[in-house]
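Quick note: the sequence shown uses our numbering, first residue 41, plus one each step.
I have placed the structure first, in the form of structure tokens, so that the comments after it can refer back to it.
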Amino acid sequence: MRLLVAPVSDVYSVFTGDSLLTLIKRNDLISLTYINDSIEVKSIAQTFGKFKSVQIIALEKLATLKIKPADGKTETHLDDDVYVNSGKNSLTIINHVDIDNYVAGVVEAETGYSAPDEYYKIQSIMCRTFAIESEGKHKAEGYDLCDREHCQVFKGRNNRKPEIKLAVAATSGIVLVDSSNKLIFAAYHSNCGGQTDYSENVWKTERHYLKPVIDSFCVSSRNANWEKIISMKDWEKYLVKQTKDYHKPTDSIYCFYQPQRKSDYELFGSKIALTEMRKDFKLSSTFFNIEQNADKIIFSGRGSGHGVGLCQQGAIEMASRGYSYKKILGYYYKGVRLVNYSQLK
Ligand SMILES: [Zn+2]
Ligand SMILES: [Zn+2]
41 MRLLVAPVSD VYSVFTGDSL LTLIKRNDLI SLTYINDSIE VKSIAQTFGK FKSVQIIALE
101 KLATLKIKPA DGKTETHLDD DVYVNSGKNS LTIINHVDID NYVAGVVEAE TGYSAPDEYY
161 KIQSIMCRTF AIESEGKHKA EGYDLCDREH CQVFKGRNNR KPEIKLAVAA TSGIVLVDSS
221 NKLIFAAYHS NCGGQTDYSE NVWKTERHYL KPVIDSFCVS SRNANWEKII SMKDWEKYLV
281 KQTKDYHKPT DSIYCFYQPQ RKSDYELFGS KIALTEMRKD FKLSSTFFNI EQNADKIIFS
341 GRGSGHGVGL CQQGAIEMAS RGYSYKKILG YYYKGVRLVN YSQLK
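Written as structure tokens, this is what we have:
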């Protein structure tokens, strides 16, 4: 594996431990090649040697660089410093990044480009709260947060939507705390389908600020409704596996309705958690009804995602109708406060 690194702006120093290997500026290029558990560092003119880790440190604030695999097309732009470590058959790229630069990148990846400006403030505050609350989640691997859905999706710096940077700056330092001044678990999802869910229905942990909210703002957006049909054969096979005392029923007792969100599907005294059923049948949400039609089982559902906390499409609709970010956050997270993180320390 070989990586190409080039500054987009400003000057970077390339270190390995305490030794400075070289300085690189705009239009310079270095390559980092994985060879036998080490990284070989080369510029166009020179080979610097093989090292366990390499640090590429910005000399100024606002510096950015681009990094791409030599055999790939995808180029990632990163703010601030980049550390590259050699591992077992792999290179790990760690971006040591200012929190607001990180938050702007996450907001771009998690929200896209078409939301109203006020909504970007909401997403900034949720992503910042989540990032600080989850700091050190990957401590054992040598970094704080990964760039996948496991933590928060991050595809590099916020490049394409300047409004995101402005929203992050306008809310800089602001986080959400509960009534005992603890950072909240700022859960959010795409669309709640008209009602959000209890935290404990999804993660077993009860959180007093993550309670059902009736949401009329998201019900006419995309993802609001979905349907999935499975064969009776697959359904019965599933129930045999999931219930203790399965016997073929005589009438259509499979039907199941959720005028309000429930936590379980019940049959013959057995309970199947809706979260489990969602996973097993790859359903968009747990907010569904079940009906039987001849040899078919029809799931008709509302919403998309786990349904807990803030509903993104509802919040986007509220923001476009003129509600402030404070009002919207208070609508989905009950009894929380907005504070500057520096006041908590
Ligand atoms: Zn992670
Ligand atoms: Zn909603």
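Even glycine gets a Cβ: it sits at the ideal position worked out from N, Cα and C.
On a predicted model such as this, the values are computed, not experimentally measured, just so you know.
Inset, instruction - Could you work out which residue in R318, C295, G343 and G182 is closest to N329 when comparing CA atoms only? - result: In the sequence shown, the residue the question calls residue 329 occupies position 289. Scanning R318, C295, G343 and G182 for the CA closest to the CA of N329 turns up C295.
Inset, instruction - Return the residue from the list A155, D119 and K288 that minimises the CA-CA distance to D138. - result: Counting from 1 along the sequence shown, the entry for residue 138 is found at position 98. Relative to D138, the option among A155, D119 and K288 whose CA is nearest is D119.
Legend entry - According to DSSP, residues forming a beta bridge with V217: Residue 217 sits at position 177 when you count from the first residue of the sequence shown. Paired residues: L223 and R377.
Legend entry - Nearest to L60 (by Cα), restricted to the options A46, S93, N76 and N67: Sequence index remark: in the sequence shown, residue 60 carries index 20 (1-based). Relative to L60, the option among A46, S93, N76 and N67 whose CA is nearest is S93.
Legend entry - CA-to-CA distance, N263 to L369, given in whole angstroms: By 1-based counting over the sequence shown, the position of residue 369 is 329. By 1-based counting over the sequence shown, the position of residue 263 is 223. One alpha carbon belongs to L369, the other to N263, and they sit about 21 Å apart.
Legend entry - Beta-carbon spacing of L44, L69 below 8 Å: Sequence index remark: in the sequence shown, residue 44 carries index 4 (1-based). Sequence index remark: in the sequence shown, residue 69 carries index 29 (1-based). Yes, the Cβ-Cβ distance between L44 and L69 is below 8 Å.
Legend entry - Validate contact between the stretch 139 to 157 and the stretch 187 to 205 using beta carbons, cut 8 Å, 3 pairs: yes
Inset, instruction - Could you check if G63 is buried or exposed, using at least 16 other CB atoms within 10 Å of its CB as the buried criterion? - result: Within the sequence shown, residue 63 is the residue found at index 23, counting from 1. A small fix is needed here, since residue 63 is Leu in this sequence, not Gly. Flag for L63 reads exposed.
Inset, instruction - Tell me whether G354 counts as near ligand 2, meaning its Cβ is closer than 7 Å to at least one heavy atom of that ligand. - result: In the sequence shown, residue 354 corresponds to position 314, counting from 1. Yes, Cβ of G354 sits closer than 7 Å to a heavy atom of ligand 2.
Legend entry - According to DSSP, residues forming a beta bridge with P109: Taking the sequence shown and counting its residues from 1, the one referred to as residue 109 is at position 69. Looking at the DSSP assignment, P109 forms a beta bridge with L43.
Legend entry - Distance cut-off 7 Å: H287 Cβ against heavy atoms of ligand 1: Mapped onto the sequence shown, residue 287 falls at position 247. No.
Legend entry - Cβ pair D187, V193 closer than 8 Å: Within the sequence shown, residue 187 is the residue found at index 147, counting from 1. Within the sequence shown, residue 193 is the residue found at index 153, counting from 1. Yes, they are a contact pair.
Legend entry - Chain-order list of residues whose beta-carbon lies under 6 Å from that of G375 (same chain, five-residue window excluded): The sequence position of residue 375 within the sequence shown is 335, counting from 1. For G375, where only same-chain residues beyond five positions count, the Cβ hits under 6 Å are S219 and Y249.
Inset, instruction - Please classify V217: is it buried, with 16 or more other beta-carbons within 10 angstroms of its beta-carbon, or exposed? - result: By 1-based counting over the sequence shown, the position of residue 217 is 177. So V217 ends up on the buried side.
Legend entry - Cβ pair L105, Y142 closer than 8 Å: Here residue 105 refers to the residue found at position 65 when the sequence shown is read from its first residue. Here residue 142 refers to the residue found at position 102 when the sequence shown is read from its first residue. No, these two residues do not count as a Cβ contact at 8 Å.
Inset, instruction - Alpha carbon to alpha carbon, how far is I97 from N135? Give it in angstroms, no decimals. - result: Taking the sequence shown and counting its residues from 1, one reaches residue 135 at position 95. Taking the sequence shown and counting its residues from 1, one reaches residue 97 at position 57. Roughly 10 Å between the two C-alpha positions.
Inset, instruction - Answer yes or no: do L131 and V122 have a C-beta to C-beta separation smaller than 8 Å? - result: Position 91 of the sequence shown, counted from the first residue, corresponds to residue 131. Position 82 of the sequence shown, counted from the first residue, corresponds to residue 122. No. Outside cutoff.
Legend entry - Neighbourhood of ligand 1 [Cβ distance below 5 Å to any heavy atom], ordered by chain position: C186, H190 and C191
Inset, instruction - Return helix, strand or coil for F170, following the three-state DSSP convention. - result: Your numbering for residue 170 matches position 130 in the sequence shown. Of the three classes helix, strand and coil, the one that applies to F170 here is helix, per DSSP.
Inset, instruction - Can you have a look at S164 and say buried or exposed, based on whether 16 or more other CB atoms are within 10 angstroms of its CB? - result: Numbered from 1 along the sequence shown, position 124 holds the residue referred to as residue 164. S164 is buried by the Cβ-count criterion.
Legend entry - Simplified DSSP state of V94, which is helix, strand or coil: Counting from one through the sequence shown, the residue named residue 94 turns up at place 54. V94: strand per DSSP, three-state reduction.
Legend entry - Sheet register partners of L307 (DSSP bridge): Residue 307 sits at position 267 when you count from the first residue of the sequence shown. L307 pairs with S310.
Inset, instruction - Mind reading off the beta-carbon distance from G213 to Y74? Whole number of angstroms is fine, and I expect it under 8 Å. - result: Sequence index remark: in the sequence shown, residue 213 carries index 173 (1-based). Sequence index remark: in the sequence shown, residue 74 carries index 34 (1-based). At roughly 39 Å, the Cβ-Cβ gap does not stay under 8 Å, so G213 and Y74 are not in contact.
Inset, instruction - Can you say whether E357 is buried or exposed, counting buried as having 16 or more other CB atoms within 10 angstroms of its CB? - result: On the sequence shown, residue 357 is found 317 positions in, with the first residue counted as 1. Buried, by the Cβ-count rule.
Inset, instruction - Look at the Cβ atom of P156, then the Cβ atom of S344, and state whether they are nearer than 8 Å. - result: For the purposes of this step, residue 156 is taken as the residue at position 116 of the sequence shown. For the purposes of this step, residue 344 is taken as the residue at position 304 of the sequence shown. No. Outside cutoff.
Inset, instruction - Give the single residue among D335, S239, I269 and Y286 whose Cα lies nearest to the Cα of L301. - result: As a position in the sequence shown, residue 301 is number 261, starting the count at 1. Just to set this straight, residue 301 is Arg in the shown sequence, not Leu. Cα-wise, what sits closest to R301 is S239.
Inset, instruction - Name the residue from E189, V147, M317 and S325 whose alpha carbon lies nearest to the alpha carbon of Q235. - result: The count along the sequence shown starts at 1 and reaches residue 235 at position 195. The shortest C-alpha separation from Q235 is found at S325.
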